[in-house]
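Peer 1:
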Amino acid sequence: MTPIDSWQPDYADSAPIFADLRRIVGRSTWSDWPDCNALNALLANQVVTLSGIRVRFSPQDHTLPLPGIPYEERVYRTGVISTRERNWHDLFNALMWRLWPELKSAMNAAHVREMSTLRGANRSRLRDAMTLLDESGVIVAASDRADLEALRDHRWKAVFHRGRARWNHFVRAFIVGHALYEKALSPYPGITGRTLLLQVDQRFFSLDLHSQIKILDRHAASMIATTGPLKTPHDLGVLPILGIPGWHFARQDAAFYDNPGVFRPRTRPDRSPGPIVAHCTLDGQHAEESGLPSA
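In the numbering used here, the protein residues as written are 83 to 377.
1. Quick one: what does DSSP say residue 96 is sitting in, helix, strand or coil?
2. Would a C-beta distance cut-off of 8 Å place residue 155 and residue 197 closer than the cut-off?
3. With a threshold of 16 other CB atoms inside 10 Å of the CB of residue 218, please say whether the residue is buried or exposed.
4. Taking its Cβ as the centre, do 16 or more other Cβ atoms sit within 10 Å of residue 356, making it buried, or is it exposed?
5. Can you tell me where the alpha helix (DSSP H) holding residue 321 begins and where it ends?
6. Just the Cα atoms here: how many angstroms apart are residue 94 and residue 259?
7. Buried or exposed for residue 306, please, with buried defined as at least 16 other CB atoms from any protein chain shown within 10 angstroms of its CB.
8. Going by DSSP, name the residue or residues bridged to residue 249.
9. Taking just the CA atoms, how far does residue 235 sit from residue 184?
10. Taking all protein chains shown into account, do 16 or more other C-beta atoms lie within 10 angstroms of the C-beta of residue 123, making it buried, or fewer, making it exposed?
11. In the DSSP assignment, the beta strand (DSSP E) including residue 164 goes from what residue to what residue?
12. Tell whether a beta-carbon distance below 8 Å holds between residue 322 and residue 345.
13. For the beta strand (DSSP E) that contains residue 224, what are its first and last residues?
14. Taking all protein chains shown into account, do 16 or more other C-beta atoms lie within 10 angstroms of the C-beta of residue 246, making it buried, or fewer, making it exposed?
15. In whole angstroms, give me the CA-to-CA distance for residue 376 and residue 334.
16. What does residue 281 pair with, by DSSP beta-bridge criteria?
17. Counting pairs of beta carbons, one from the segment 237-246 and one from the segment 266-281, are three or more of them closer than 8 Å?
18. What do you get for residue 68, buried or exposed, if any count of 16 or more other CB atoms within 10 angstroms of its CB means buried?
19. Nearest-angstrom Cα distance between residue 373 and residue 359?
20. Measuring CB to CB, does residue 255 end up less than 8 Å from residue 282?
21. Return the chain-ordered ranges of every beta strand (DSSP E) run that is complete within the segment 269-315 and spans a minimum of 3 residues.
22. Residue 183 by DSSP, collapsed to three states: which one?
23. Buried or exposed for residue 161, please, with buried defined as at least 16 other CB atoms from any protein chain shown within 10 angstroms of its CB.
24. Short of 6 Å in beta carbon distance, which residues of its chain neighbour residue 133, apart from the five on each side in sequence? Order them along the chain.
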C-alpha cells in the first residue's frame, strides 16, 4: 500500500468516493506533487474573496503578507492562502476552492465577521459550524423530504439499503470538506461527514454535475453570507459516508448496515431539534429554512 504521505498520481481512481472530484477537476496530469503555481493555475484567476481580492496559494514557508494576523483574516484581506506543499490536506483544500468557490469565500467571510464581533471572546458556535462544514462537510440534496428525514433520524438501512435505487436520481451527496477526501485515501468504516440537508426540485437531478454543484455552491454561500439558519454544529447532520451506495468497495448488503459502531442510532430525545433543512431553488437561492419535524 502506498504511504499516505507519498504522491499518488492516480489518487482520483483509487476509490469510488473520488468520482465527482475526478469528473470536475479531471484526472491528474501531475507526475509529482503540484506546487502552488500549479494550484493557482486551477483557479485561473477566477476565484475571489467576498472582499473582492483574487485568491492565490502561497507556500507556507514563504514570507506572507500581514504577518501575525489570523489565517482567515489574511485570506479575506489579501487573498493569500498559506499552503503546505507536498501535503494532501492542503492539496484537497485547494481543490475545494476550485469546486466550491462561493461557499469557501462565504465561510471565510463568516469567520472574519465573527472574529471582529467577538474579538477577545471565546470562539463562536458559528465558527465551529463553519469549521466542521469546511473540513468534513457533505451537502445532501434530495427532492423528497422523507429522504432527508431518514438521514436526520439515522434510519441508515432505510435510506442506504432499502432506498439504494433512489441515490443519484432523487437524493445525492456532494463532498465539500477537504479532510474527508484526505481520509478517503486510506479509508476506514467510521469516516463521518457533517451534512447540510437541502431539499431541491426534482428537475435538479436532470442537470449535469457541473450545474448541480454551481447551484448548491451559490445556495450554501447565500445561507452563510446572510447569517441564515446555520448557527451551531447541531444544525449539521451526521453521515457515515461509506454507507452511501457506491461509495465503498465493500458489499453493501443488509448486514453491512448492521454495524452499530458505524451506523449509530440517533441518541437525541425524539422531540429535540434536529439538523436544519433548506429549500434550494434552481437558481441557487434559498427560499426558506426550518428544523425538520420530529419523527
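All C-beta atoms, glycine included, are put in the ideal place defined by N, C-alpha and C. All of these numbers come straight from a predicted model, not from anything done at the bench.
Peer 2: Based on what the coordinates show:
1. Your numbering for residue 96 matches position 14 in the sequence shown. Coil at residue 96, not helix or strand.
2. Indexing the sequence shown from 1 puts residue 155 at position 73. Indexing the sequence shown from 1 puts residue 197 at position 115. Less than 8 Å divides the Cβ of residue 155 from the Cβ of residue 197.
3. The residue labelled residue 218 in the question sits at position 136 within the sequence shown. Looking at its Cβ environment, which holds 16 or more other Cβ atoms inside 10 Å, residue 218 is buried.
4. Looking up residue 356 in the sequence shown gives position 274. Burial of residue 356 is indicated by the presence of at least 16 other C-beta atoms within 10 angstroms of its C-beta.
5. Position 239 of the sequence shown, counted from the first residue, corresponds to residue 321. Where residue 321 is concerned, there is no enclosing alpha helix (DSSP H), although the beta strand (DSSP E) around it starts and stops at 319-322.
6. Residue numbering aside, residue 94 sits at position 12 when the sequence shown is read from its first letter. Residue numbering aside, residue 259 sits at position 177 when the sequence shown is read from its first letter. One C-alpha to the other measures close to 16 Å.
7. Mapped onto the sequence shown, residue 306 falls at position 224. Buried, because 16 or more other Cβ atoms sit within 10 Å of the Cβ of residue 306.
8. By one-based count along the sequence shown, residue 249 stands at place 167. As DSSP reads the structure, residue 249 sits in a beta bridge with 253.
9. Your numbering for residue 184 matches position 102 in the sequence shown. Your numbering for residue 235 matches position 153 in the sequence shown. Going from the Cα of residue 184 to the Cα of residue 235 covers about 30 Å.
10. Against the sequence shown, residue 123 aligns to sequence position 41. Result: exposed.
11. Along the sequence shown, read from residue 1 onward, the residue named residue 164 stands at position 82. Secondary structure note for residue 164: its beta strand (DSSP E) is the uninterrupted segment 162-165.
12. Residue mapping note: residue 322 aligns to position 240 of the sequence shown, counting from 1. Residue mapping note: residue 345 aligns to position 263 of the sequence shown, counting from 1. Pairing residue 322 with residue 345 gives a Cβ-Cβ distance under 8 Å.
13. The sequence position of residue 224 within the sequence shown is 142, counting from 1. 219-224 is the extent of the beta strand (DSSP E) around residue 224.
14. Your numbering for residue 246 matches position 164 in the sequence shown. Classification of residue 246: exposed, given that the 10 Å Cβ count is below 16.
15. Counting from one through the sequence shown, the residue named residue 376 turns up at place 294. Counting from one through the sequence shown, the residue named residue 334 turns up at place 252. A caution first: residue 376 carries a pLDDT of 30, below 50, which makes its placement in the model unreliable, though a value can still be read off. If I take the Cα positions, the gap works out to 28 Å.
16. Your numbering for residue 281 matches position 199 in the sequence shown. Listed as beta-bridge partners of residue 281 by DSSP are 224, 361.
17. When Cβ pairs closer than 8 Å are counted between the two stretches, the segment 237-246 is seen not to touch the segment 266-281, the count staying below three.
18. Here the chain comprises residues numbered 83 to 377, so residue 68 is not present and cannot be evaluated.
19. Position 291 of the sequence shown, counting from 1, holds the residue named residue 373. Position 277 of the sequence shown, counting from 1, holds the residue named residue 359. Residue placement at residue 373 is poorly supported in this model, since its pLDDT is 44, which falls under 50; the coordinates are not used for a value here.
20. Taking the sequence shown and counting its residues from 1, the one referred to as residue 255 is at position 173. Taking the sequence shown and counting its residues from 1, the one referred to as residue 282 is at position 200. The answer is no: Cβ separation not under 8 Å.
21. Taking only runs of at least 3 residues, the beta strand (DSSP E) segments lying wholly in the segment 269-315 are 274-282.
22. Within the sequence shown, residue 183 is the residue found at index 101, counting from 1. Three-state result, residue 183: helix.
23. One-based indexing of the sequence shown puts residue 161 at position 79. Burial check for residue 161: the Cβ neighbour count within 10 Å reaches 16 or more, so the residue is buried.
24. Mapped onto the sequence shown, residue 133 falls at position 51. Cβ neighbours of residue 133 beyond the five flanking positions: 158.
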